[in-house]
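The sequence shown begins at 3 in the working numbering and counts up one residue at a time. For every residue, glycine included, the Cβ atom is placed at its ideal position computed from N, Cα and C. Predicted model, so just to flag it, every value in this text is computed and none were measured. Report on one structure; see the data block that follows.
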Amino acid sequence: MPNAIGESFYENVFSSIGEIVLIIDVNGCILQMNDAAERFTGYPTFTVQGIPYFWEKFIPESEQALIRQFFNSKNLNHIPREVENHWISQSGEIRLFRWINTIIDDSSGQSAYLITVGTDIAQQRQMENSLRRSRDFHRLLARVSEAMAHDTEENQLLQHVCSLTVQYTDCKLTWIIKPNEEGWFQVLAAAGELGYLKNMRISTRADLPEGNGPVGRAWRTHRPVFDVQLGQDSSMSPWRDRIEHFGMKRTTTIPLLRNGNAWAIFAISHGEETNFDEELQALLLELADNIGYGLDRLDLAKQERQISQFNDTLLNSMTAGVNVMRYPERVIEKINPRMLEIYGAKSEAELVGHAGSEFYPDTTTYELVGSFSKKVLADGKGILRDVPYRRLDGSIIYVDLSGQRFDNLDGTQRIIWTHVEVTERHQNEIRIRKLNAQKTLLLDNTVAAIDLVRYPERVITEVNQRFLDMMGYDSAEELIGLPTSVVYPNDEENERMAQISQTVLTQGQGEMRDLVVFTRDGQQLYVEISGKRVNDDSNHPTIIWTSVDVTERHELTVQLEHAALFDSLTGLPNRRYLEEYMGQAIARADRSATRLALIMMDLDGFKTVNDTHGHDQGDLVLQIISKRLQNSLHPTDFVARLGGDEFVLILENMTHMDQIMSTLFKVEKSVSHPISLQNKVRVKVGISAGVCFYPYKDIIKPIDLMHYADQALYESKAHKSDRNQFWKFISDVHQID
Numbered sequence: 003m004p005n006a007i008g009e010s011f012y013e014n015v016f017s018s019i020g021e022i023v024l025i026i027d028v029n030g031c032i033l034q035m036n037d038a039a040e041r042f043t044g045y046p047t048f049t050v051q052g053i054p055y056f057w058e059k060f061i062p063e064s065e066q067a068l069i070r071q072f073f074n075s076k077n078l079n080h081i082p083r084e085v086e087n088h089w090i091s092q093s094g095e096i097r098l099f100r101w102i103n104t105i106i107d108d109s110s111g112q113s114a115y116l117i118t119v120g121t122d123i124a125q126q127r128q129m130e131n132s133l134r135r136s137r138d139f140h141r142l143l144a145r146v147s148e149a150m151a152h153d154t155e156e157n158q159l160l161q162h163v164c165s166l167t168v169q170y171t172d173c174k175l176t177w178i179i180k181p182n183e184e185g186w187f188q189v190l191a192a193a194g195e196l197g198y199l200k201n202m203r204i205s206t207r208a209d210l211p212e213g214n215g216p217v218g219r220a221w222r223t224h225r226p227v228f229d230v231q232l233g234q235d236s237s238m239s240p241w242r243d244r245i246e247h248f249g250m251k252r253t254t255t256i257p258l259l260r261n262g263n264a265w266a267i268f269a270i271s272h273g274e275e276t277n278f279d280e281e282l283q284a285l286l287l288e289l290a291d292n293i294g295y296g297l298d299r300l301d302l303a304k305q306e307r308q309i310s311q312f313n314d315t316l317l318n319s320m321t322a323g324v325n326v327m328r329y330p331e332r333v334i335e336k337i338n339p340r341m342l343e344i345y346g347a348k349s350e351a352e353l354v355g356h357a358g359s360e361f362y363p364d365t366t367t368y369e370l371v372g373s374f375s376k377k378v379l380a381d382g383k384g385i386l387r388d389v390p391y392r393r394l395d396g397s398i399i400y401v402d403l404s405g406q407r408f409d410n411l412d413g414t415q416r417i418i419w420t421h422v423e424v425t426e427r428h429q430n431e432i433r434i435r436k437l438n439a440q441k442t443l444l445l446d447n448t449v450a451a452i453d454l455v456r457y458p459e460r461v462i463t464e465v466n467q468r469f470l471d472m473m474g475y476d477s478a479e480e481l482i483g484l485p486t487s488v489v490y491p492n493d494e495e496n497e498r499m500a501q502i503s504q505t506v507l508t509q510g511q512g513e514m515r516d517l518v519v520f521t522r523d524g525q526q527l528y529v530e531i532s533g534k535r536v537n538d539d540s541n542h543p544t545i546i547w548t549s550v551d552v553t554e555r556h557e558l559t560v561q562l563e564h565a566a567l568f569d570s571l572t573g574l575p576n577r578r579y580l581e582e583y584m585g586q587a588i589a590r591a592d593r594s595a596t597r598l599a600l601i602m603m604d605l606d607g608f609k610t611v612n613d614t615h616g617h618d619q620g621d622l623v624l625q626i627i628s629k630r631l632q633n634s635l636h637p638t639d640f641v642a643r644l645g646g647d648e649f650v651l652i653l654e655n656m657t658h659m660d661q662i663m664s665t666l667f668k669v670e671k672s673v674s675h676p677i678s679l680q681n682k683v684r685v686k687v688g689i690s691a692g693v694c695f696y697p698y699k700d701i702i703k704p705i706d707l708m709h710y711a712d713q714a715l716y717e718s719k720a721h722k723s724d725r726n727q728f729w730k731f732i733s734d735v736h737q738i739d
C-alpha cells in the first residue's frame with residue numbers, strides 16, 4: 003500500500019462512511035482507521051499504526067485465536083468474506099459487529115492488506131433473539147397446557163413445568179420452591195443446573211440476610227421481581243460463591259397463586275446476560291398464571307375424587323345414623339338415609355350444609371358436644387351418651403354419639419359421627435332410677451340390645467328382643483343361665499370384657515368400643531357396649547349392658563384407612579405408604595449395616611397407549627404391569643405406585659451387584675412382554691429407571707433418596723436413544739460389591 007493516502011481518499015471514503023473501516027496489512031498491523039473506528043475504540047489512528055495485532059485489544063480473548071490463525075498463515079485470502087465477532091471499546095463497551103472483508107493484492111498478485119468494514123448488528127441480533135425467545139415461550143406455554151391436561155399429581159405437574167422450561171428456553175435453571183412452617187423454602191421441583199440449589203437456604207423473613215434476595219422479596223410483596231443482575235445485586239451476598247461457581251447472571255422470581263393465595267415461588271435463572279423485556283415478562287406472568295390454574299385444577303379434581311370415594315364407601319343401609327361434620331365450622335357435609343329418619347327430615351337439603359347448632363335444644367348441650375369434638379379430634383375417637391337433640395318438628399330426642407376422626411388428606415378436620423337414638427332407653431333409665439325396676443327397663447327399651455349379667459358368675463339373667471335379633475337367637479330361654487363366654491369368640495375378647503366388667507363393678511359404669519362378638523350362626527360382629535351397675539347386692543351384683551352393632555361403621559373405617567395407604571387402581575401401596583416404608587427401610591439398613599436400593603421407574607410408550615386406545619385400556623395396562631412387578635420381586639421386596647405410570651421398587655439387604663442386576667433384568671423381561679387389551683390389540687411398553695443405593699453421600703431422609711433416584715431416572719430418559727440398559731445408577735455401584 004502507498005505510504006501516504008491522498009486527502010481525497012480521506013474525504014470520500016473514511017470520513018463519509020458511518021461503519022467502522024480498518025486497513026490491516028499481512029502482518030496484522032493496523033495501517034488506517036476511519037473516524038467511526040476512532041470514536042468507538044477510543045484510540046486515534048496514529049497511536050495504533052504499525053503495532054502488530056493491536057486490534058486484539060478490541061476483541062474478546064475467546065474470539066482472537068481464529069483471526070490470528072488467518073494472519074499467521076501470511077495469506078489473507080484464507081479470511082472469510084463475512085465474519086461476526088464482538089468488539090470492546092477502551093471504555094469497556096461491547097458490541098457485536100458483522101465484518102465485510104476485502105483483500106487487496108499488490109502488483110505481484112500477493113495479498114498485501116485487508117480492508118474490513120464493520121456494521122453494528124447488536125440491535126438486529128437482539129431483535130432476532132427476542133423473536134426466538136417469544137417463539138420458544140409460546141411453544142413452552144402450549145406444552146405446559148398439555149401437561150396440565152394429562153398430569154394428575156402435583157409433583158408430576160411441577161416437575162413437568164420445570165423440565166419443559168429448561169427444554170424450550172435458554173435458561174440455565176428453573177425451580178419451584180415453597181416455604182415450610184419455619185419460613186425456609188423447600189424445593190418442590192427443579193430442572194437444569196441442580197447443583198446450584200444443593201443446601202441453599204432461602205428465607206421469607208426480611209430480618210435475615212437469606213430473606214432479602216429476590217425470592218424473599220417476591221414472597222413478601224406477592225409481586226414478581228424481574229431481571230435481577232446476580233453479580234451486582236448486594237442482596238445476593240449470601241449466595242455469592244455459588245453464583246460465581248455456576249456462572250449465574252440474571253434471575254426472575256414470580257409468586258405462584260393457588261386458590262387465589264400465594265403458594266410458592268417460580269424462579270428462572272440464566273447463565274447469559276439475557277434481558278427480560280416487557281414481552282418476555284408478560285409471557286413469564288402468563289406461564290405463572292397457567293401453573294396456578296393447573297394447581298387449582300388438580301385441587302378440584304382431588305376434591306371430586308374424595309367426594310366420589312366417600313359416596314362409594316358410605317353404607318346407606320346402616321341402621322344407625324351417620325353424618326360427616328367439618329371443623330372448626332361444625333357444618334354437616336354428608337348424611338345417610340337413617341339420619342333423615344332420626345331427625346324427621348324429608349330431604350338431605352334440610353340437614354346437609356347446616357350448622358350443628360341448629361339441632362341442639364340449648365347452649366349448654368352445644369358447648370358440651372363442642373368440647374367432646376375437640377377430644378375426638380385429638381384422640382381419634384370417642385363416645386358420648388344420652389345427648390339431647392331437637393328434631394325438625396321441635397321434639398327432643400336422646401342420642402348416643404360415637405365419633406371417629408376422618409383424615410381426608412386435604413387439611414380439613416372432619417369427624418364421622420354415628421347416631422343411635424336412645425330416647426326410650428334414656429326415659430327408661432329415668433324410670434329405673436326412680437323405681438329401681440330393672441326388668442321394666444330391659445323389656446321397654448327396644449332401641450339397643452340389652453342384657454343383664456350377674457357377677458361374679460358372669461351369667462346372663464335377662465335379654466331384650468333387640469339383643470336376640472342381633473345375636474340370632476329365637477328366645478330368651480336359649481341364653482338365660484348361660485355364661486357370657488358364649489358370645490365372645492376368643493380368650494382375648496373374653497378378657498377385655500372381664501376388665502370392663504371390673505371397672506363397672508367398682509366405679510358404677512363404663513364403656514368399650516369395637517368389642518368382637520359371635521352370633522349364634524358364627525357371624526362376627528363389632529359392638530359398642532356400655533354398662534351400669536344397677537343393684538347394691540355386693541355378693542351378687544348385676545350389670546345392665548347396652549350394646550350397639552357398629553360392624554358397618556367399623557368396616558367403613560377400615561376401608562377408609564386402607565384407601566389412604568393404597569392406590570385405588572392397582573392396589574399397590576401409594577406415596578403415603580411408600581414414605582412410611584422408606585423411613586423404616588432406612589432404619590433397618592442402619593441397624594443391620596446393610597445396603598438397600600431404591601429404583602424409581604416409569605413406563606416408556608404408555609402415553610401412546612393412553613392416547614391411542616383410551617384411558618380405560620391405559621388403566622388395564624397399569625393393572626397388568628403392577629401384577630408383573632409384584633411377581634418379579636422377592637417377597638421381602640417392596641413396590642409402590644407414585645401416580646400416572648411412575649413406580650418405585652425397594653430392594654433391601656443388598657450385598658452383591660448381581661442381586662440388583664438380576665432383579666432389573668427380570669423386571670425388564672416381565673414388563674416388556676406384550677399385553678393383550680380388551681379389544682384384542684396387543685401393545686408393548688418399556689421402562690426407564692433410576693437407581694440409588696443407601697447409604698450414599700449425605701442421604702439421611704427418604705426424600706433425599708428419592709431425589710437422587712429421580713435424578714438418575716431423568717438421566718436415563720434423556721439417553722433413551724444411546725443407552726445400553728434401561729436404568730441409570732446415581733451412586734458408585736462398585737461400593738455394593
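Cross-strand partners of Met35 (DSSP beta bridge): What you label residue 35 is simply residue 33 of the sequence shown in a count that begins at 1. Met35 is bridged to Leu24.
Beta-carbon separation (whole angstroms), Asp551 vs Met663, contact threshold 8 Å: One-based indexing of the sequence shown puts residue 551 at position 549. One-based indexing of the sequence shown puts residue 663 at position 661. Incorrect: roughly 55 Å between the Cβ atoms, too far for contact.
Range of the contiguous alpha helix (DSSP H) that encloses Gln713: In the sequence shown, residue 713 corresponds to position 711, counting from 1. 704-720 is the span of the alpha helix (DSSP H), which, as asked, contains Gln713.
As assigned by DSSP and simplified to three states, the class of Ile19: Counting from 1 along the sequence shown, the entry for residue 19 is found at position 17. It is coil, neither helix nor strand.
Own chain residues within Cβ distance below 7 Å of Ala290, not counting five before or after: As a position in the sequence shown, residue 290 is number 288, starting the count at 1. Excluding sequence neighbours, Ala290 sits near Ile256, Leu258, Phe268.
Met407: first and last residue of the uninterrupted alpha helix (DSSP H) it sits in: Indexing the sequence shown from 1 puts residue 407 at position 405. Note that residue 407 corresponds to Arg in the displayed sequence, not to Met. Run containing Arg407: none in the alpha helix (DSSP H); it sits in the beta strand (DSSP E), 398-407.
The segment 689-701 / the segment 593-613 touching (three or more Cβ pairs under 8 Å): Cβ pair count under 8 Å is three or more, so yes.
Candidates Thr548, Gln34, Leu394, Leu142: closest to Met514 by CA position: Here the question's residue 514 lines up with position 512 in the sequence shown. Ranking Thr548, Gln34, Leu394, Leu142 by Cα distance to Met514 puts Thr548 first.
Secondary structure of Arg222, DSSP reduced to three states: If you number the sequence shown from 1, residue 222 lands on position 220. Note: Arg222 maps to helix in three-state DSSP.
DSSP bridge partner residues for Arg643 (one or two, in chain order): Walking along the sequence shown from the start, residue 643 turns up at place 641. Answer is Phe649.
Val673 to Ile627 span [Cα, whole Å]: Residue 673 sits at position 671 when you count from the first residue of the sequence shown. Residue 627 sits at position 625 when you count from the first residue of the sequence shown. Near 6 Å, if we compare the C-alpha coordinates of Ile627 and Val673.
Residues sharing a beta bridge with His272, DSSP: Residue 272 sits at position 270 when you count from the first residue of the sequence shown. Looking at the DSSP assignment, His272 forms a beta bridge with Arg252.
Glu95 versus Val85 - alpha carbon distance: As a working mapping, residue 95 is identified with position 93 in the sequence shown. As a working mapping, residue 85 is identified with position 83 in the sequence shown. Each residue's Cα considered, the two are about 20 Å apart.
Check whether Asp604 and Glu648 have beta carbons under 9 Å apart: Counting from 1 along the sequence shown, the entry for residue 604 is found at position 602. Counting from 1 along the sequence shown, the entry for residue 648 is found at position 646. Going by C-beta atoms, Asp604 is nearer than 9 Å to Glu648.
Nearest residue (CA-CA) to Asn182, options Asp639, Thr206, Glu212: Your numbering for residue 182 matches position 180 in the sequence shown. Out of Asp639, Thr206, Glu212, Thr206 has the C-alpha closest to the C-alpha of Asn182.
Distance CB(Ser91)-CB(Tyr198) smaller than 9 Å: Position 89 of the sequence shown, counting from 1, holds the residue named residue 91. Position 196 of the sequence shown, counting from 1, holds the residue named residue 198. Not closer than 9 Å, so no.
C-alpha gap between Glu195 and Gly645, whole angstroms: One-based indexing of the sequence shown puts residue 195 at position 193. One-based indexing of the sequence shown puts residue 645 at position 643. If I take the Cα positions, the gap works out to 26 Å.
Rounded straight-line distance, which links the Cα of Asp153 to that of Gln625: The residue given as residue 625 occupies position 623 in the sequence shown. The residue given as residue 153 occupies position 151 in the sequence shown. Approximately 18 Å, taken between the alpha carbons.
Separation of Leu631 from Asn201, as counted between CA atoms: Taking the first residue of the sequence shown as position 1, residue 201 is located at position 199. Taking the first residue of the sequence shown as position 1, residue 631 is located at position 629. Rounded to the nearest angstrom, the two C-alpha atoms are 35 Å apart.
6 Å Cβ shell around Val168 - same chain, five flanking residues per side excluded: On the sequence shown, residue 168 is found 166 positions in, with the first residue counted as 1. Counting only Cβ-Cβ distances below 6 Å, and skipping sequence neighbours, we find Thr176, Ala193, Gly194.
Counterpart residues of Phe72 in DSSP-defined beta bridges: As a working note, residue 72 is residue 70 in the sequence shown. Partner(s): none; Phe72 has no beta bridge.
Cβ neighbour criterion (16 or more within 10 Å) applied to Leu48: Position 46 of the sequence shown holds residue 48. In the sequence as displayed, the identity of residue 48 is Phe instead of Leu. Phe48 comes out exposed.
Proximity to Ser147 [Cα-Cα], best of His162, Pro62, Met708: Taking the sequence shown and counting its residues from 1, the one referred to as residue 147 is at position 145. Of His162, Pro62, Met708, the residue nearest in Cα terms is His162.
Per-residue DSSP class, three states only, for Thr548: Against the sequence shown, residue 548 aligns to sequence position 546. The answer is strand: DSSP assigns Thr548 an E or B state.
Environment of Ala39 [buried if 16+ CB atoms lie within 10 Å]: Locating residue 39 in the sequence shown gives position 37, counting from the first residue. Looking at its Cβ environment, which holds 16 or more other Cβ atoms inside 10 Å, Ala39 is buried.
Euclidean distance between Cα positions of Ile756 and Arg41: Missing from the structure shown is residue 756; the chain here goes from 3 to 739 and no further.
Outcome for His421 when other beta-carbon atoms lying within 10 angstroms are tallied against a minimum of 16: As a first step, residue 421 is located in the sequence shown; it is residue number 419 there, counting from the start. So His421 counts as buried.
Range covered by the beta strand (DSSP E) that runs through Val333: Here residue 333 corresponds to residue number 331 of the sequence shown, with the count starting at 1. Here the beta strand (DSSP E) through Val333 covers 333-337.
Where the beta strand (DSSP E) through Asp107 begins and ends: Locating residue 107 in the sequence shown gives position 105, where the first residue counts as 1. Looking at the DSSP string, the run of the beta strand (DSSP E) that includes Asp107 is 96-107.
For Asn430, the nearest candidate out of Ser237, Tyr698, Val536, Leu484 (CA to CA): For the purposes of this step, residue 430 is identified with residue 428 of the sequence shown, where counting begins at 1. Nearest C-alpha to Asn430: Val536.
Glu369 classed as buried or exposed, judged by whether at least 16 other C-beta atoms fall within 10 angstroms: Taking the first residue of the sequence shown as 1, we reach residue 369 at position 367. Classification of Glu369: exposed, given that the 10 Å Cβ count is below 16.
Candidates Met238, Pro485, Asn492: closest to Gly524 by CA position: Locating residue 524 in the sequence shown gives position 522, where the first residue counts as 1. The option with the nearest alpha carbon to Gly524 is Asn492.
Burial state of Lys336 (16 or more Cβ within 10 Å): Counting from 1 along the sequence shown, the entry for residue 336 is found at position 334. Lys336 should be labelled buried.
Test item: CB-CB of Ile531 and Leu454 under 9 Å: Position 529 of the sequence shown, counting from 1, holds the residue named residue 531. Position 452 of the sequence shown, counting from 1, holds the residue named residue 454. Not a contact, by the Cβ cut-off of 9 Å.
Other residues of its chain near Asp621: CB distance less than 7 Å, five sequence neighbours each side excluded: Start at 1 with the first residue of the sequence shown, and residue 621 comes out as number 619. Only Leu571 meet the Cβ criterion.
Leu484, DSSP secondary structure in three states: In the sequence shown, residue 484 corresponds to position 482, counting from 1. Coil.
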